[in-house]
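Participant:
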Amino acid sequence: MNWMAIGVTCKLATLTSFALLIIGLPIAYWLTYSKWRWKFLIESIVALPLVLPPTVLGFYILIAIGPHSPIGRFYTDLVGHPLPFSFQGLLLASILYSLPFAVQPFATAFEQVDRKLIEASWTLGLSKLKTFFRLILPLSTAGLITGVVLSFAHTLGEFGVVLMVGGNIEGITRTVSIEIYDEVQALNYATAAKTSALLLLVSYAVLLLVYAMNRRVWSVWPRK
Amino acid sequence: MATEIALNIRKIFVDRATITAQLNLPLAPPSVTILFGPSGSGKTTILRCLAGLEQPEAGTILCNGQIWFDATTHVHVPPQARGLGYMGQDYALFPNYTVEGNIAYGLSGLSVQEKKARVNEVLSLLQIKELAQQKPTQLSGGQQQRVALARAIARRPQLLLLDEPLSALDAPTRIKLCEDLRMLLTRLAIPSVVVTHDWTEALALGDQMAVIDDGRVLQIGKPQEVFSQPINADVARVVGIETVVQGRIREIRNELATVQVGPVSVTAVASPELESDVFVCIRAEDVTLELAGSSETSARNHLRGTVQTVTSLGALVRVTINCGFLLTALVTRSAHSELRLAIGSDVRAAFKAGSVHLIPRR
Chain A
55 MNWMAIGVTC KLATLTSFAL LIIGLPIAYW LTYSKWRWKF LIESIVALPL VLPPTVLGFY
115 ILIAIGPHSP IGRFYTDLVG HPLPFSFQGL LLASILYSLP FAVQPFATAF EQVDRKLIEA
175 SWTLGLSKLK TFFRLILPLS TAGLITGVVL SFAHTLGEFG VVLMVGGNIE GITRTVSIEI
235 YDEVQALNYA TAAKTSALLL LVSYAVLLLV YAMNRRVWSV WPRK
Chain B
2 MATEIALNIR KIFVDRATIT AQLNLPLAPP SVTILFGPSG SGKTTILRCL AGLEQPEAGT
62 ILCNGQIWFD ATTHVHVPPQ ARGLGYMGQD YALFPNYTVE GNIAYGLSGL SVQEKKARVN
122 EVLSLLQIKE LAQQKPTQLS GGQQQRVALA RAIARRPQLL LLDEPLSALD APTRIKLCED
182 LRMLLTRLAI PSVVVTHDWT EALALGDQMA VIDDGRVLQI GKPQEVFSQP INADVARVVG
242 IETVVQGRIR EIRNELATVQ VGPVSVTAVA SPELESDVFV CIRAEDVTLE LAGSSETSAR
302 NHLRGTVQTV TSLGALVRVT INCGFLLTAL VTRSAHSELR LAIGSDVRAA FKAGSVHLIP
362 RR
């Protein structure tokens with residue numbers, strides 16, 4: 055087994071799920087409590103990675119961060135090297151790719167917090183922000199863990215996006231799923247089998263954890 | 002300091018009647034104002050507008066001259082800044098905190114010692130010290146209500162808003178806690194607005210009351226006055242009972258109370274724990290009229306009197322009889338003509354002891 059690929063994968067999955075915890079919370083909060091009539095437009099964009107082929111998503115990310123885009127040029131000027139085919143570029147792509155896997159469980163959890171509790175908190179003098187940290191967040195822990203674990207597991211297995219944005223650079227962007235593909239191409243079935251079994255076991259364990267804790271993970275978007 | 006609420010709002014709903022409420026409530030402490038009406042009448046919405054949880058489409062809300070809401074200038078003081086104690090219908094205790102944690106929740110800005118002292122103060126005021134470490138799910142309905150009240154008053158609000166404080170409880174608990182709530186509100190001397198659809202609660206708790214139906218305020222006055230002298234047929238229909246008079250219990254024997262009402266005495270079924278000063282309430286439809294000379298029925302109360310007014314209400318006729326106090330009866334049109342009821346004629350009113358409701362009076 056290629057331990058370097060496993061290392062890259064674990065690092066990528068950990069950073070992705072951590073970043074999604076930070077980014078996903080405000081997005082989920084907004085999606086849950088906003089009364090904006092066009093909210094469904096944003097909801098659909100967040101859910102897009104669920105149905106879009108990873109190669110399509112990867113293609114657009116590649117264009118967006120490439121040397122011909124303003125974002126890509128700005129990044130290159132700032133850091134000194136381009137974003138595509140780097141670990142940072144891969145991380146960005148993973149965050150976008152796993153966004154619904156974090157945001158949906160977060161939003162479902164927020165939605166289940168009784169409105170009356172939130173109103174009680176307001177009348178007791180707590181601002182919306184304080185109410186979020188002292189009431190909504192503690193009551194949503196199961197959903198938070200679900201979101202983090204799911205985005206971790208989803209990042210572990212991503213292939214198309216990695217190939218498009220990260221390429222296949224040993225020790226930097228070569229993840230376990232790319233490794234398996236390479237081994238099969240080289241007819242090293244035994245190595246591919248071992249790595250596949252590892253990925254299967256880890257994914258199953260992760261889903262066991264999630265399903266045992268919260269059976270409503272795959273529910274559709276919460277509705278008021 | 003006297004509190005005064007001036008509310009004049011319009012709140013539009015897609016699926017029910019628009020609320021157009023105008024209320025001027027002097028809230029000189031200790032004052033309890035009842036918003037009384039059937040469910041769906043809009044009383045809860047008015048309370049929620051007062052709390053800042055709901056925004057009317059038009060109008061103003063002033064408290065002590067301070068503008069809480071003004072639609073034309075887009076002023077909306079959020080609930081956090083209104084200095085309220087609010088208790089919703091199902092208490093909304095935070096499941097992730099203990100009883101103590103729930104009560105301390107709104108006490109930010111106080112030092113640890115002050116917080117502890119304040120929590121202990123309200124815990125003992127509501128006699129729930131032993132519940133301090135319990136989680137809300139372990140509490141009975143009555144205990145939850147006390148904790149919710151404790152949480153609402155812990156911040157020493159300038160105004161207390163209670164939405165159906167007793168309706169989530171079973172009947173025996175409700176009677177007991179109604180008594181306790183009345184004593185607590187008197188003792189706290191915080192101006193309060195209480196929403197209820199239960200006339201016994203309105204009489205037991207209220208200093209003044211506003212009758213609300215279909216989103217409109219129909220009548221404001223002392224509860225006893227409103228119940229016994231509804232200003233029009235709408236109010237009479239909403240409040241239901243028509244005879245409310247003050248009485249004093251003379252004795253209770255075999256669970257039957259003899260109550261002195263003016264010059265006459267009335268027999269009523271007595272519940273324990275009654276004080277001697279009571280309101281005697283009789284529904285107009287529970288009173289039957291018979292000719293003065295006819296034989297008596299099984300009803301415990303037979304009072305002779307003279308007819309004072311006769312008002313036609315379609316198929317029914319409302320008759321008030323002076324029998325030592327003013328008693329209202331509702332009879333059919335045919336009964337009215339059979340008995341040849343006219344102003345000044347002698348008649349006998351009968352009602353069962355079980356039809357007489359005694360409500361403790363402050």
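Going down the list, the protein sequences come from chains A and B.
Counting in my numbering, the final residue of the first sequence is number 278, and the numbers go up one at a time with none missing.
Counting in my numbering, the final residue of the second sequence is number 363, and the numbers go up one at a time with none missing.
Using N, Cα and C, we set each Cβ at its ideal position, and we do this for glycine too.
Nearest CA to the CA of valine 203 of chain A: which residue from A:Asn242, A:Thr70, A:Asp131, A:Ile99?
Facilitator: Here the closest residue by C-alpha is A:Thr70.
Participant: Are the CB atoms of leucine 162 of chain B and tyrosine 87 of chain B within a distance shorter than 7 Å?
Facilitator: yes
Participant: Does proline 80 of chain B pass the burial test, meaning 16 or more other C-beta atoms within 10 Å, or should it be called exposed?
Facilitator: buried
Participant: Over what stretch of residues does the alpha helix (DSSP H) that includes proline 154 of chain A continue unbroken?
Facilitator: 141 to 165
Participant: What in chain A is Cβ-close to glutamine 159 of chain B, meaning under 7 Å?
Facilitator: The contacting residues do not exist; glutamine 159 of chain B stays about 12 Å from chain A at best.
Participant: For leucine 161 of chain B, name the three-state secondary structure that DSSP assigns.
Facilitator: strand
Participant: Just to confirm my understanding: we take glutamate 276 of chain B, look at its own chain, exclude 5 residues before and 5 after, and list those with CB closer than 6 Å. What are they?
Facilitator: Here the set comprises Pro361.
Participant: How about threonine 86 of chain A and phenylalanine 187 of chain A: are their beta carbons less than 7 Å apart?
Facilitator: no
Participant: What does the Cβ neighbour count give for phenylalanine 37 of chain B, buried or exposed, with the cut at 16 atoms within 10 Å?
Facilitator: buried
Participant: Taking just the CA atoms, how far does alanine 207 of chain A sit from serine 257 of chain A?
Facilitator: Rounded to the nearest angstrom, the two C-alpha atoms are 6 Å apart.
Participant: Which residues in chain A have a C-beta closer than 8 Å to the C-beta of leucine 85 of chain B? List them in chain order.
Facilitator: Thr177
Participant: State buried or exposed for proline 39 of chain B, treating a residue as buried only when at least 16 other CB atoms are found within 10 Å of its CB.
Facilitator: exposed
Participant: Would you please verify whether the beta carbon of leucine 193 of chain A is less than 7 Å from any beta carbon of chain B?
Facilitator: yes
Participant: Among B:Phe95, B:Ala151, B:Gln128, which has the Cα closest to the Cα of lysine 136 of chain B?
Facilitator: B:Phe95
Participant: Assign histidine 122 of chain A to buried or exposed, taking buried as 16 or more other Cβ atoms, counted over all protein chains shown, within 10 Å of its Cβ.
Facilitator: Counting the other CB atoms within 10 Å of its CB gives histidine 122 of chain A a total below 16, which places it among the exposed residues.
Participant: Determine the direct distance from the alpha carbon of leucine 328 of chain B to that of glutamine 225 of chain B, and round the result to whole angstroms.
Facilitator: 14 Å
Participant: How about phenylalanine 244 of chain B and arginine 251 of chain B: do their beta carbons lie closer than 7 Å?
Facilitator: Note that residue 244 of chain B is threonine in the sequence shown here, rather than phenylalanine. No, they are not a contact pair.
Participant: Taking only runs of the alpha helix (DSSP H) that begin and end inside the segment 105 to 140 of chain B, which ones reach a length of at least 4 residues, in chain order?
Facilitator: 113 to 126
Participant: With three or more C-beta pairs closer than 8 Å as the rule, is the segment 161 to 178 of chain A touching the segment 120 to 135 of chain A?
Facilitator: Note that the segment 120 to 135 of chain A does not touch the segment 161 to 178 of chain A; fewer than 3 beta-carbon pairs, one per stretch, sit closer than 8 Å.
Participant: Taking a Cβ distance cut-off of 9 Å, strictly less, list which residues of the segment 61 to 95 of chain B are near chain A, in chain order.
Facilitator: Hits within the stretch, in order: Pro79, Pro80, Gln81, Ala82, Arg83, Gly84, Leu85, Gly86, Tyr87, Met88, Gly89, Gln90, Asp91, Tyr92, Ala93, Leu94, Phe95.
Participant: Tell me, please, whether the CB atom of methionine 267 of chain A is closer than 7 Å to any CB atom in chain B?
Facilitator: Taking a beta-carbon distance threshold of 7 Å, methionine 267 of chain A does not count as an interface residue toward chain B.
Participant: Assign aspartate 347 of chain B to one of three DSSP states: helix, strand, or coil.
Facilitator: strand
Participant: What residues from chain A crowd round leucine 54 of chain B, counting only those whose CB sits closer than 8 Å?
Facilitator: Glu173, Trp176, Thr177
Participant: Between glutamate 323 of chain B and threonine 307 of chain B, which are expected to be in contact by the criterion C-beta below 8 Å, what is the C-beta distance as a whole number of angstroms?
Facilitator: This sequence places asparagine at residue 323 of chain B; glutamate is not what is there. Right, their Cβ atoms sit about 6 Å apart.
Participant: For valine 288 of chain B, which residues of its own chain have a beta-carbon under 6 Å away from its beta-carbon, when the five flanking residues on both sides are left out?
Facilitator: Ala330, Ala350, Phe352
Participant: Cutting at 6 Å between CB atoms, please list the residues of its own chain near proline 276 of chain A, excluding the five before and the five after it.
Facilitator: Summary for proline 276 of chain A: the model assigns pLDDT 49, below 50, so the residue's position carries little reliability; its value from the coordinates is reported in the next sentence. Cβ neighbours of proline 276 of chain A beyond the five flanking positions: Ala161, Thr162, Glu165.
Participant: Give the straight-line distance between the Cα atoms of tyrosine 265 of chain A and alanine 101 of chain A, rounded to the nearest whole angstrom.
Facilitator: Between the alpha carbons of tyrosine 265 of chain A and alanine 101 of chain A lies a distance of about 21 Å.
Participant: At a Cβ threshold of 7 Å, is lysine 170 of chain A touching chain B?
Facilitator: yes
Participant: Return the residue from the list B:Thr197, B:His358, B:Lys130 that minimises the CA-CA distance to aspartate 278 of chain B.
Facilitator: B:His358
Participant: Measure the C-alpha to C-alpha separation of lysine 184 of chain A and arginine 83 of chain B and round it to an integer number of angstroms.
Facilitator: Taking the straight line joining both Cα atoms gives about 17 Å.
Participant: Any idea what DSSP makes of histidine 1 of chain B, helix, strand or coil?
Facilitator: In the structure displayed, chain B extends from 2 to 363; residue 1 of chain B sits before or after that span and is not available.
Participant: In the DSSP assignment, the beta strand (DSSP E) including histidine 358 of chain B goes from what residue to what residue?
Facilitator: 357 to 361
Participant: Where does proline 392 of chain B land, buried or exposed, given buried means 16+ other C-beta within 10 angstroms?
Facilitator: With chain B running from 2 to 363 in the structure shown, residue 392 of chain B is simply not present.
Participant: Taking 7 Å as the cut-off, decide whether the C-beta atoms of alanine 72 of chain B and glycine 89 of chain B are in contact.
Facilitator: no
Participant: Is there contact between the segment 168 to 178 of chain A and the segment 101 to 112 of chain A, where contact requires at least three CB pairs shorter than 8 Å?
Facilitator: Output reads no: the segment 101 to 112 of chain A does not touch the segment 168 to 178 of chain A.
Participant: State the start and end residues of the unbroken alpha helix (DSSP H) segment that holds glutamine 261 of chain B.
Facilitator: For glutamine 261 of chain B, no alpha helix (DSSP H) segment is defined; the enclosing uninterrupted segment is the beta strand (DSSP E) at 257 to 262.
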